[in-house]
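Comments concern the structure below.
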Amino acid sequence: MRLPDASARRTLKKFWREEDGTASVDGLIWVMFFTTLLVFILDASIMFMNNVEVRRVTQDGSRLYVRGGFDGEADPIAALDLWVENNLSDLSPNVNATSSLNASNQLSTVVTYPASDTDLTGLVNVLSNFNIEVLVVNQKAVL
473 MRLPDASARR TLKKFWREED GTASVDGLIW VMFFTTLLVF ILDASIMFMN
523 NVEVRRVTQD GSRLYVRGGF DGEADPIAAL DLWVENNLSD LSPNVNATSS
573 LNASNQLSTV VTYPASDTDL TGLVNVLSNF NIEVLVVNQK AVL
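In terms of our numbering, the sequence shown has 502 at position 30, counting the first letter as 1, and numbering is strictly consecutive.
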């Protein structure tokens, strides 16, 4: 077995002392971190957008109820719940709407759906599995 000559040893020493490539390793780590952060922000913004849609549909249903839109139904509250669930079924197949009318004619509609139904990438579901709840209260006019 032959030992490396002096020029080969110098080349190896120079190679081990060089630190030019270390920035690329740090850069890759930061790129992965910022990409994950960007995906998380995208996920959160889509969840907020879907929450606005749920609130709008729930408010429309509640407004329809207080204006007499379900008066011809056998059970207007159940019809309202079904209407809200049907209009949100594309957004979340597991949506659950529950409405109630109190003694002072305030209609409360609570819509609950799993966050995983509106999670685009699944990142939020990995971190925490939770439900999102939207509450809308409208006053029914007494005539």
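Glycine is no exception: its CB is placed at the ideal position from the N, C-alpha and C atoms.
task: Taking 8 Å as the cut-off, decide whether the C-beta atoms of residue 518 and residue 590 are in contact.
output: In the sequence shown, the residue the question calls residue 518 occupies position 46. In the sequence shown, the residue the question calls residue 590 occupies position 118. When the beta-carbon positions are compared, residue 518 and residue 590 come within less than 8 Å of each other.
field: Rounded Cβ spacing between residue 560 and residue 529 (contact assumed at less than 8 Å)
entry: Position 88 of the sequence shown holds residue 560. Position 57 of the sequence shown holds residue 529. The C-beta distance from residue 560 to residue 529 rounds to 6 Å, short enough to fall under 8 Å.
query: Can at least three beta-carbon pairs, one atom from the stretch 560-578 and one from the stretch 539-546, be found at a separation below 8 Å?
result: With the cut-off at 8 Å, the stretch 560-578 and the stretch 539-546 do not touch.
- request: Look up residue 576 in the DSSP assignment and say whether it is helix, strand or coil.
  value: In the sequence shown, the residue the question calls residue 576 occupies position 104. Three-state result, residue 576: coil.
- prompt: How would you label residue 507, buried or exposed, when you count the other beta carbons within 10 angstroms and need 16 or more for buried?
  reply: Position 35 of the sequence shown, counted from the first residue, corresponds to residue 507. With fewer than 16 other CB atoms across the displayed protein chains lying within 10 angstroms of its CB, residue 507 is exposed.
message: Just to confirm my understanding: we take residue 522, look at its own chain, exclude 5 residues before and 5 after, and list those with CB closer than 7 Å. What are they?
response: Reading the sequence shown from its first residue, position 50 is the one you call residue 522. The answer, listed in chain order, is 563, 590.
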